[in-house]
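Following this line, the structure appears as structure tokens:
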């Protein structure tokens with residue numbers, strides 16, 4: 092879904108708009124054609140048309156909140172061209188109906204003074220399950236009461252990030268049900284990653300989002316990940332904040348374009364929902380266990396925060412929540428994340444939530460939080476930007492995921508007391524190796540610059556644009572962009588190398604979009620020309636019957652038969668009997 096929006100760049104860049112608008116509509120119609128297989132019968136976008144996929148999902152007919160957010164953006168762009176925003180409203184309805192969990196029955200039992208019991212993230216899947224440890228101090232959740240007062244209930248309005256759209260695994264966690272099994276019809280919410288930074292997609296154990304021990308072992312799947320004295324039936328959901336922020340970003344542009352066409356009233360109810368999504372997105376701005384920000388180690392010695400002391404104000408990697416499925420046991424939990432990757436930041440979403448009257452959330456301190464977040468995100472880009480231009484990794488309040496003592500060199504130049512991490516969150520492969528993280532995030536910064544005219548954002552972008560314009564290679568109607576990047580050193584002396592080149596169409600489209608937004612605001616003719624050449628090369632060389640595709644060789648394809656670690660003696664079954 093990442094390539095869907097590329098041909099609408101001309102709307103802001105002014106590059107031969109008729110041609111590029113026509114190309115966008117050509118691809119839009121292919122995507123919406125039922126025979127091409129982009130959507131399920133329910134109207135949910137698949138992560139890919141193909142079922143075999145090697146990505147964050149492990150099967151193409153799953154979907155992610157990422158794909159759904161791109162669908163919302165796609166329909167906003169269609170509305171900008173045709174003046175019809177009904178598709179935008181419908182895409183948000185799909186988002187709400189299928190990705191925002193309806194089963195949240197114990198949320199009202201949540202105690203914001205005890206958000207969750209500490210559990211260390213461990214270095215390798217073979218070290219799991221991880222022990223629950225109630226002796227480690229945790230902080231206070233400052234959002235719960237505010238959000239409950241604003242919306243009248245205790246439920247999250249956030250997307251769970253992963254759905255088994257065709258219920259291939261058979262858990263049957265369709266909306267409102269817990270382990271309804273293989274016969275359940277409709278998208279099933281489920282989980283996979285839960286065992287530390289070395290747990291790539293090749294090593295995950297897919298598990299139900301609601302577990303009442305129907306499948307798995309004696310304790311369902313819970314004791315594969317968590318070591319506790321006893322286990323209870325429960326639901327658990329995880330949000331990918333970059334996707335929720337992208338949906339808000341799409342709503343911002345829909346509002347701009349609909350207002351230009353005198354159609355803002357037709358999307359007003361959807362904008363209210365986007366504002367609500369942005370209100371709950373604030374859980375991404377907090378440490379995992381609401382501990383104080385800065386010099387937070389060791390786990391036992393780092394105090395819990397009160398009020399906003401636990402807010403780093405960056406968009407982190409995830410936040411999660413859950414609770415008891417059995418009504419007779421009333422408990423619920425919530426966590427944020429101490430690690431923030433530059434690739435997940437979205438200054439445009441923060442800008443919209445802080446300034447757009449149609450998107451300002453109802454939460455009493457939401458506008459203030461997003462105003463601070465915008466400032467902090469821009470500051471992070473500055474902190475992580477190399478002399479050459481690219482951005483290096485991220486920062487964490489929880490070294491190694493368990494508030495460990497950081498390496499001594501990392502204590503010299505911290506970010507509000509948080510530590511530089513060149514590969515935040517996951518290491519297989521390193522999370523900042525893929526070049527795509529660069530334009531993925533720089534695009535949002537460029538859109539923010541286009542919307543706001545922020546001179547600080549312009550100066551950051553200029554360094555990045557000059558770098559990328561110098562490393563893209565064109566050969567006739569083809570191109571190569573960086574593939575994998577290498578990193579050495581610590582801020583402010585991080586060095587970057589280009590280790591491989593690629594023809595990654597998603598990364599290329601994000602690069603073109605970044606250059607186009609930057610050029611449209613700054614007047615940079617070189618950036619505009621490079622954006623045009625990338626778009627033309629993608630269209631001319633890689634178009635096929637239903638979209639765009641490129642063959643790709645990868646070393647990790649050899650891992651299809653890699654054995655997944657399961658603790659010795661643990662036995663259990665999947666719904667199909669495996």
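Numbering (the numbering used here), first residue to last: 92 to 669. The beta carbon of each residue, even a glycine, is placed where N, CA and C say it ideally should be.
Subject >> Selected residue, minimal CA-CA separation from residue 248, among 507, 591, 367 and 400 >> reply: To locate residue 248, count along the chain shown from 1; it is residue 157. Answer by Cα proximity: 367.
**OP:** Enumerate, from N- to C-terminal direction, the unbroken alpha helix (DSSP H) stretches of 4 or more residues contained entirely within the region 544-595.
**Re:** 546-562
Subject >> CA-to-CA distance, residue 153 to residue 308, given in whole angstroms >> reply: Here the question's residue 308 lines up with position 217 in the chain shown. Here the question's residue 153 lines up with position 62 in the chain shown. Cα to Cα, residue 308 sits roughly 24 Å from residue 153.
Subject >> Neighbourhood of residue 155 by C-beta, 8 Å cutoff - its chain only, sequence neighbours within 5 removed >> reply: Within the chain shown, the letter at position 64 stands for residue 155. These residues qualify, in order along the chain: 138, 147, 148, 252, 253, 254, 331 and 334.
**OP:** Using 10 angstroms around the beta-carbon of residue 668, count the other beta-carbons present and answer buried if the total reaches 16, otherwise exposed.
**Re:** Taking the first residue of the chain shown as 1, we reach residue 668 at position 577. So residue 668 counts as exposed.
Original post:
Do you know offhand how far residue 602's Cα is from residue 322's?
Top reply: For the purposes of this step, residue 602 is taken as the residue at position 511 of the chain shown. For the purposes of this step, residue 322 is taken as the residue at position 231 of the chain shown. Near 47 Å, if we compare the C-alpha coordinates of residue 322 and residue 602.
Original post:
With 16 as the cutoff for other CB atoms within 10 Å, does residue 655 come out buried or exposed?
Top reply: For the purposes of this step, residue 655 is identified with residue 564 of the chain shown, where counting begins at 1. Around the beta carbon of residue 655, fewer than 16 other beta carbons lie within 10 angstroms, which makes this residue exposed.
Subject >> Runs of beta strand (DSSP E) lying entirely within the region 261-330, each at least 3 residues, in chain order >> reply: You should have 279-282 and 325-330.
Original post:
From which residue to which residue does the alpha helix (DSSP H) around residue 339 run?
Top reply: As a working mapping, residue 339 is identified with position 248 in the chain shown. Note, residue 339: alpha helix (DSSP H), 332-351.
**OP:** Give the C-beta separation of residue 221 and residue 231 to the nearest angstrom, bearing in mind that I take them to be a contact with Cβ-Cβ under 8 Å.
**Re:** Residue 221 sits at position 130 when you count from the first residue of the chain shown. Residue 231 sits at position 140 when you count from the first residue of the chain shown. At roughly 24 Å, the Cβ-Cβ gap does not stay under 8 Å, so residue 221 and residue 231 are not in contact.
**OP:** Starting from the Cα of residue 575, find the closest Cα among 461, 529 and 246 and give me that residue.
**Re:** Reading the chain shown from its first residue, position 484 is the one you call residue 575. Answer by Cα proximity: 529.
Subject >> residue 391, DSSP secondary structure in three states >> reply: By 1-based counting over the chain shown, the position of residue 391 is 300. Coil, per DSSP.
Subject >> Straight-line gap, residue 371 to residue 536 (C-alpha atoms, nearest Å) >> reply: Here residue 371 refers to the residue found at position 280 when the chain shown is read from its first residue. Here residue 536 refers to the residue found at position 445 when the chain shown is read from its first residue. For the pair residue 371 and residue 536, the Cα-to-Cα distance works out to about 22 Å.
Subject >> C-alpha gap between residue 632 and residue 533, whole angstroms >> reply: To locate residue 632, count along the chain shown from 1; it is residue 541. To locate residue 533, count along the chain shown from 1; it is residue 442. Rounded to the nearest angstrom, the two C-alpha atoms are 25 Å apart.
**OP:** Just the C-alpha distance for residue 374 and residue 568, rounded to the nearest angstrom, thanks.
**Re:** Taking the chain shown and counting its residues from 1, the one referred to as residue 374 is at position 283. Taking the chain shown and counting its residues from 1, the one referred to as residue 568 is at position 477. Their Cα atoms are separated by approximately 45 Å.
Subject >> Beta-carbon gap between residue 487 and residue 395 smaller than 7 Å >> reply: Here residue 487 refers to the residue found at position 396 of the chain shown. Here residue 395 refers to the residue found at position 304 of the chain shown. For residue 487 and residue 395, no; Cβs fall outside 7 Å.
Original post:
Are the Cβ atoms of residue 515 and residue 485 separated by less than 7 Å?
Top reply: Start at 1 with the first residue of the chain shown, and residue 515 comes out as number 424. Start at 1 with the first residue of the chain shown, and residue 485 comes out as number 394. It is a contact, given that the beta carbons lie within the stated cut-off.
**OP:** Evaluate the contact criterion for the region 599-617 versus the region 546-559: three or more CB pairs, one atom per stretch, below 8 Å.
**Re:** These segments touch.
Subject >> Where residue 422 sits in the DSSP three-state scheme >> reply: Start at 1 with the first residue of the chain shown, and residue 422 comes out as number 331. In the structure shown, residue 422 sits in coil (DSSP, three-state: anything other than H, G, I, E or B).
Original post:
Do the region 163-173 and the region 111-120 make contact, defined as three or more Cβ pairs closer than 8 Å?
Top reply: yes
**OP:** Could you tell me which of 243, 256 and 195 sits nearest to residue 151, measuring between CA atoms?
**Re:** Start at 1 with the first residue of the chain shown, and residue 151 comes out as number 60. That would be 256, whose Cα lies nearest to the Cα of residue 151.
**OP:** Write down the C-beta distance between residue 273 and residue 263 rounded to the nearest angstrom, noting that I regard them as a contact closer than 8 Å.
**Re:** Here the question's residue 273 lines up with position 182 in the chain shown. Here the question's residue 263 lines up with position 172 in the chain shown. At roughly 6 Å, the Cβ-Cβ gap stays under 8 Å, so residue 273 and residue 263 are in contact.
Original post:
Are the Cβ atoms of residue 132 and residue 637 separated by less than 7 Å?
Top reply: Here residue 132 refers to the residue found at position 41 when the chain shown is read from its first residue. Here residue 637 refers to the residue found at position 546 when the chain shown is read from its first residue. It is not a contact, given that the beta carbons lie outside the stated cut-off.
**OP:** Specify, as a first and last residue, the run of the alpha helix (DSSP H) that residue 162 falls within.
**Re:** The sequence position of residue 162 within the chain shown is 71, counting from 1. 156-173 is the extent of the alpha helix (DSSP H) around residue 162.
**OP:** Enumerate in chain order the residues of its own chain whose CB-to-CB distance from residue 588 is below 6 Å, with the five nearest sequence positions on each side excluded.
**Re:** The residue labelled residue 588 in the question sits at position 497 within the chain shown. Correct list, in chain order: 577.
**OP:** Evaluate residue 126 with the Cβ neighbour count: other Cβ atoms within 10 Å of its Cβ, from every protein chain shown; 16 or more gives buried, anything less gives exposed.
**Re:** Walking along the chain shown from the start, residue 126 turns up at place 35. Exposed is the call here.
Subject >> Where the alpha helix (DSSP H) through residue 178 begins and ends >> reply: For the purposes of this step, residue 178 is taken as residue 87 along the chain shown, with counting starting at 1. Where residue 178 is concerned, the enclosing alpha helix (DSSP H) stretches over 177-189.
Original post:
When the distance is taken between beta carbons, is residue 666 closer than 7 Å to residue 416?
Top reply: Numbered from its first residue, the chain shown carries residue 416 at position 325. Numbered from its first residue, the chain shown carries residue 666 at position 575. No; because the gap between Cβ atoms is not below 7 Å, this pair is not in contact.
Subject >> Straight-line Cα distance separating residue 178 from residue 626 >> reply: In the chain shown, the residue the question calls residue 626 occupies position 535. In the chain shown, the residue the question calls residue 178 occupies position 87. In this structure, the straight-line span from the alpha carbon of residue 626 to that of residue 178 is close to 25 Å.
Subject >> Euclidean distance between Cα positions of residue 219 and residue 630 >> reply: Counted from its first residue, the chain shown places residue 219 at position 128. Counted from its first residue, the chain shown places residue 630 at position 539. Using only the alpha carbons, I get a separation of about 46 Å.
**OP:** Kindly indicate which three-state DSSP category residue 530 falls into: helix, strand or coil?
**Re:** Translated into the one-based positions of the chain shown, residue 530 becomes position 439. Look at residue 530 here: in three-state DSSP terms it is helix.
Original post:
Would you call the CB atoms of residue 260 and residue 216 closer than 7 Å?
Top reply: Indexing the chain shown from 1 puts residue 260 at position 169. Indexing the chain shown from 1 puts residue 216 at position 125. Not closer than 7 Å, so no.
**OP:** Can you tell me which of 407, 292, 422 and 342 puts its alpha carbon nearest to the alpha carbon of residue 434?
**Re:** Residue numbering aside, residue 434 sits at position 343 when the chain shown is read from its first letter. Here the closest residue by C-alpha is 407.
Original post:
Between which two residues does the alpha helix (DSSP H) containing residue 464 stretch?
Top reply: Position 373 of the chain shown, counted from the first residue, corresponds to residue 464. Residue 464: member of the alpha helix (DSSP H) spanning 457-475, first to last residue.
**OP:** Give the DSSP bridge partners of residue 438, in chain order.
**Re:** The residue labelled residue 438 in the question sits at position 347 within the chain shown. In DSSP, residue 438 forms no bridge with anything.
**OP:** Measure the alpha-carbon distance for residue 504 versus residue 583 and round it to whole angstroms.
**Re:** Along the chain shown, one-based indexing puts residue 504 at 413. Along the chain shown, one-based indexing puts residue 583 at 492. If I take the Cα positions, the gap works out to 8 Å.
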